[in-house]
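Visitor: So in this note's numbering, spot 72 of the sequence shown is number 76, and the numbers just go up one at a time. Handing you this structure, nothing more for now.
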Amino acid sequence: MTKSIEKLATTYVILGGAWGDCGKGKVTAFYGQIANLVIRATGGANAGHTVFVNGKKFGLHLIPSGIMYKAMCLIGQGVALDLGILLDEIETLKNEIPDILERLRISGTTTLLLPYHKTLDAANESLRSHKIGTTKRGIGPAYADKADRIALQVNDLFRPFEEIKALIVQALEKHKPLLQLYGDPNMSNIETYAEELVKELIEQAKIIKPLIVDGHSFVRKYVNDSNKIIVVEGAQSVRLSIETGDYPNCTSSDSNINGTLSGAHLNPKDPTEIIVVLKAYLSRVGNGPFPTEIESHIGPDGKLIPYKEEDAYLGDKMRNDFHEYGVSTGRPRRVGWFDAIVAKNSVQVSGADAICINCMDLIGEFGITHGEIKIAKSYLYQGEEIDYLPRNTEQTHEIPQPIYDVIDGGWKITPDMDSYEKLPEKAKLFIEKIEEITGTPVKYIGIGPENEQIIVRS
Ligand code: IMP
Ligand code: MG
């Protein structure tokens with residue numbers, strides 16, 4: 005039988021470009037309002053996004069932000085799920101969103117992130133000679149157990165007590181040396197610790213039982229209905245992916261397109277619009293190459309070195325003006341100019357159909373205050389001009405030096421500018437430079453903090 009050409013759901017996959025924290029939530033919100041299903045696909049509580057419900061501010065880490073609208077929301081199988089954090093989020097939101105349990109679903113094959121993964125994350129980081137600057141949410145160790153096939157999946161919570169305990173004991177035995185050194189004293193007695201943990205998990209499982217679905221068939225129902233709109237909310241970013249990021253300075257899941265699709269129970273032939281989201285400047289938390297970073301008072305440990313206002317570097321000013329502090333960890337972020345080479349790499353390795361550039365208002369005003377706005381268009385590396393960010397900077401200890409296009413002054417975006425045509429000429433020039441270098445249309449432009457402040461070009 006030949007496959008008939010069916011019309012399937014429209015699916016938007018929203019990925020971070022660069023190093024995350026780029027305002028993916030804005031595009032998610034744009035489509036989330038009309039979506040039937042919003043899926044979280046990878047990562048865990050290392051991700052964080054701020055949402056507003058009834059004018060109140062919430063920081064979400066695991067629940068898809070589509071929960072603010074009418075959409076069904078799925079935690080897909082690529083997520084590392086910390087049940088404690090999930091239940092806390094449900095608890096905080098349930099007054100504002102009374103139907104939260106009716107609209108939230110969890111794939112049964114999602115990996116569980118257990119308390120000892122957080123202990124191991126901290127232990128691993130302190131033992132590393134090369135610090136990554138992880139969020140210490142247990143993400144790496146949870147995925148490591150998944151790869152090692154000693155992790156528990158959500159479905160395992162419904163096995164008999166002794167079977168769950170045996171799975172946990174198996175993992176604890178493997179991690180015994182580190183847990184004895186770094187864990188709390190209870191962890192040393194594996195049998196009793198495992199029993200206590202199983203009891204707690206069984207209580208948590210009772211609450212989430214009605215939410216659990218077979219992820220594949222659940223998502224297929226939406227995919228196979230051409231009237232449905234699906235939004236996949238990527239976590240972290242293309243350049244933080246373990247596959248396409250700056251290894252080892254990356255996260256531990258594939259937050260690029262492949263991992264995001266399989267994590268969301270989708271396949272590469274499901275018709276999607278892939279959107280890479282970037283800010284009009286860049287930021288990065290944790291270590292790793294960042295060629296366009298602007299000097300600021302961030303120490304080698306990623307912490308802020310105290311400084312007086314009169315001694316502030318341009319990078320400190322940018323961080324403060326733009327409130328660049330992590331939602332999940334509160335850490336100060338490194339900041340820098342827009343890098344069209346990083347952007348180009350992100351669209352190329354993800355197959356992006358469109359780019360979203362956020363914070364066009366902020367960078368415009370920064371340009372007015374400080375006299376110029378820069379965009380890296382190539383690098384000088386080992387004596388040559390190159391148009392890609394090399395993957396071997398760890399080995400060469402040499403960060404490519406950006407070659408910039410400079411836009412004099414800046415621009416101001418006013419509320420009447422509700423279409424691309426109405427944007428200031430310099431802002432359009434900025435966007436056009438990005439399109440030229442990346443070869444990809446900038447279809448979405450964020451022009452202010454509110455969800456509605458987005459220009460969508462047809
Ligand atoms: P992990 O994901 O906690 O293992 O952290 C690995 C690296 O990814 C660190 O540099 C983190 O700062 C970075 N990272 C993880 N999640 C995010 C995110 O949501 N936004 C930005 N950076 C992140
Ligand atoms: Mg974030």
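All C-beta atoms in this analysis are idealised placements derived from N, C-alpha and C, irrespective of residue type, glycine included. These numbers were taken from a predicted model, which means no experiment stands behind them.
1. Counting only the same chain and skipping the five closest in sequence on each side, list residues whose C-beta sits under 7 Å from that of Gly24.
2. With a threshold of 16 other CB atoms inside 10 Å of the CB of His53, please say whether the residue is buried or exposed.
3. For the beta strand (DSSP E) that contains Asn362, what are its first and last residues?
4. Using only the heavy atoms of the ligand IMP, determine whether one of them is closer than 8 Å to the beta carbon of Gln81.
5. Can you check whether the CB of Thr123 is closer than 9 Å to the CB of Gly187?
6. Compute the beta-carbon to beta-carbon distance between Gly340 and Tyr285, rounded to the nearest angstrom, for a pair I have assumed lies under 8 Å.
7. Taking the alpha carbon of Leu66 as the reference point, which residue from Glu425, Tyr16, Ile361, Thr114 has its own alpha carbon closest?
8. Gly36 to Glu369, Cα distance in whole Å?
9. What is the rounded straight-line gap between the Cα of Glu277 and the Cα of Gly371?
10. Strictly by DSSP, which residues pair up with Val57?
11. Work out the CA separation of Glu237 and Glu440 for me, nearest whole Å.
12. Thinking Val235 and Val42 are a contact (beta carbons under 8 Å), I'd like their distance in whole angstroms, please.
13. Ile38: which of Asn324, Ser69, Gln174, Glu247 sits nearest, CA to CA?
14. If you follow the alpha helix (DSSP H) that Ala127 is part of, which residue opens it and which one closes it?
15. So what's Thr6 in DSSP terms, helix, strand or just coil?
16. Would Ser287 pass as a contact of Phe342 if the rule is Cβ separation under 9 Å?
17. Indicate the three-state DSSP secondary structure (helix, strand or coil) for Tyr392 in the structure shown.
18. Ignore the nearest five residues each way along the sequence and tell me which others in Glu199's own chain have a CB closer than 7 Å to its CB.
19. Would you mind listing the beta strand (DSSP E) stretches within the region 224-267 that are 3+ residues and don't spill past its ends, in chain order?
20. Report whether the distance from the Cβ of Asp305 to the nearest heavy atom of the ligand COA is below 8 Å.
21. Got a sec? Which residues, its chain only, sit under 7 Å from Ile345 by beta carbon, not counting five neighbours each side?
22. Let me check one thing: in DSSP terms, what residues is Glu297 bridge-paired to?
23. How should Val410 be labelled, buried or exposed, when 16 other C-beta atoms within 10 angstroms of its C-beta is the threshold for buried?
24. Among residues of its own chain, excluding the 5 on either side of Ile449, which ones have a beta-carbon nearer than 6 Å to its beta-carbon?
25. Are the beta-carbon atoms of Asp152 and Thr138 separated by less than 9 Å?
26. Please report the distance separating the alpha-carbon of Ser354 from that of Asn271.
27. Quick test of the definition: if touching needs 3 or more C-beta pairs under 8 Å, does the region 77-85 touch the region 106-121?
28. Under a Cβ-count criterion, where at least 16 other Cβ atoms within 10 Å of its own Cβ denotes burial, should Thr15 be classed as buried or exposed?
29. Given the structure, does Ala356 come close to the ligand IMP, in the sense that its CB is under 8 Å from one of the ligand's heavy atoms?
30. Express the C-alpha separation of Asn231 and Pro40 in angstroms, rounding to a whole number.
31. On the DSSP bridge assignment, give the partners of Pro406 in chain order.
32. Count the other CB atoms, across all protein chains shown, that sit within 10 Å of the CB of Arg323; report buried if there are 16 or more and exposed otherwise.
33. So, helix, strand or coil for Glu369, using DSSP?
34. Excluding sequence positions up to five away, which residues of its chain have a Cβ less than 8 Å from the Cβ of Gly219?
35. Would you give the residue range spanned by the alpha helix (DSSP H) that Glu439 belongs to?
Guide: A quick look at the data gives this:
1. Locating residue 24 in the sequence shown gives position 20, counting from the first residue. Closer than 7 Å at the Cβ level, and outside the excluded window around Gly24, lie Gln240, Ser241, Leu244.
2. In the sequence shown, counting from the first residue as 1, residue 53 sits at position 49. Label assigned to His53: buried.
3. One-based indexing of the sequence shown puts residue 362 at position 358. Counting along the chain, the beta strand (DSSP E) containing Asn362 begins and ends at 358-362.
4. Numbered from its first residue, the sequence shown carries residue 81 at position 77. Checking the Cβ of Gln81 against the ligand IMP gives no.
5. Residue 187 sits at position 183 when you count from the first residue of the sequence shown. Residue 123 sits at position 119 when you count from the first residue of the sequence shown. Contact: yes.
6. On the sequence shown, residue 340 is found 336 positions in, with the first residue counted as 1. On the sequence shown, residue 285 is found 281 positions in, with the first residue counted as 1. That belief holds up - the Cβ atoms of Gly340 and Tyr285 are roughly 7 Å apart, short of 8 Å.
7. By one-based count along the sequence shown, residue 66 stands at place 62. Of Glu425, Tyr16, Ile361, Thr114, the residue nearest in Cα terms is Thr114.
8. Within the sequence shown, the letter at position 32 stands for residue 36. Within the sequence shown, the letter at position 365 stands for residue 369. Roughly 29 Å separates the two Cα atoms.
9. Counting from 1 along the sequence shown, the entry for residue 277 is found at position 273. Counting from 1 along the sequence shown, the entry for residue 371 is found at position 367. Using only the alpha carbons, I get a separation of about 32 Å.
10. The count along the sequence shown starts at 1 and reaches residue 57 at position 53. In DSSP, Val57 forms a bridge with Lys60.
11. Walking along the sequence shown from the start, residue 440 turns up at place 436. Walking along the sequence shown from the start, residue 237 turns up at place 233. Rounded to the nearest angstrom, the two C-alpha atoms are 27 Å apart.
12. Start at 1 with the first residue of the sequence shown, and residue 235 comes out as number 231. Start at 1 with the first residue of the sequence shown, and residue 42 comes out as number 38. Confirmed, about 5 Å.
13. Your numbering for residue 38 matches position 34 in the sequence shown. Closest by alpha carbon: Ser69.
14. Stepping through the sequence shown from its first residue, residue 127 is reached at position 123. It spans 119-131 - the alpha helix (DSSP H) in which Ala127 sits, taken as one unbroken run.
15. In the sequence shown, the residue the question calls residue 6 occupies position 2. For Thr6, the pLDDT reaches just 47, beneath the cut-off of 50, and the residue's location in the model is therefore unreliable, leaving the point undetermined.
16. For the purposes of this step, residue 287 is identified with residue 283 of the sequence shown, where counting begins at 1. For the purposes of this step, residue 342 is identified with residue 338 of the sequence shown, where counting begins at 1. No.
17. Along the sequence shown, one-based indexing puts residue 392 at 388. If DSSP states are grouped into helix, strand and coil, Tyr392 belongs with coil.
18. For the purposes of this step, residue 199 is taken as the residue at position 195 of the sequence shown. Answer for Glu199: Lys169, listed in chain order.
19. 233-237
20. The ligand COA is absent from the structure shown, which contains only the ligand IMP and the ligand MG.
21. Here the question's residue 345 lines up with position 341 in the sequence shown. Ala380, Ser382, Tyr383, Asp391, Tyr392, Leu393, listed in sequence order.
22. Within the sequence shown, the letter at position 293 stands for residue 297. Per DSSP, Gly340.
23. Here residue 410 is taken as the residue at index 406 of the sequence shown, counted from 1. Label assigned to Val410: exposed.
24. Here residue 449 corresponds to residue number 445 of the sequence shown, with the count starting at 1. The answer, listed in chain order, is Ile361, Met364, Ile459.
25. Mapped onto the sequence shown, residue 152 falls at position 148. Mapped onto the sequence shown, residue 138 falls at position 134. Cβ atoms of Asp152 and Thr138: not closer than 9 Å.
26. Translated into the one-based positions of the sequence shown, residue 354 becomes position 350. Translated into the one-based positions of the sequence shown, residue 271 becomes position 267. Near 14 Å, if we compare the C-alpha coordinates of Asn271 and Ser354.
27. yes
28. As a position in the sequence shown, residue 15 is number 11, starting the count at 1. Counting Cβ neighbours within 10 Å, Thr15 comes out buried, since at least 16 surround it.
29. In the sequence shown, residue 356 corresponds to position 352, counting from 1. Flag unset: Cβ of Ala356 not near the ligand IMP.
30. Indexing the sequence shown from 1 puts residue 40 at position 36. Indexing the sequence shown from 1 puts residue 231 at position 227. The amino acid occupying residue 40 in the given sequence is Asn; Pro does not appear at that position. Between Asn40 and Asn231, the C-alpha separation is close to 9 Å.
31. To locate residue 406, count along the sequence shown from 1; it is residue 402. Bridge partners of Pro406: Tyr383.
32. The residue given as residue 323 occupies position 319 in the sequence shown. Counting Cβ neighbours within 10 Å, Arg323 comes out buried, since at least 16 surround it.
33. Counted from its first residue, the sequence shown places residue 369 at position 365. Helix, per DSSP.
34. Position 215 of the sequence shown, counted from the first residue, corresponds to residue 219. So the qualifying residues of the chain are Leu78, Gly80, Gln81, Ser111, Gly112, Thr113, Thr114, His269.
35. As a first step, residue 439 must be located in the sequence shown, where it is residue number 435. Glu439 -> alpha helix (DSSP H) spans 429-442.
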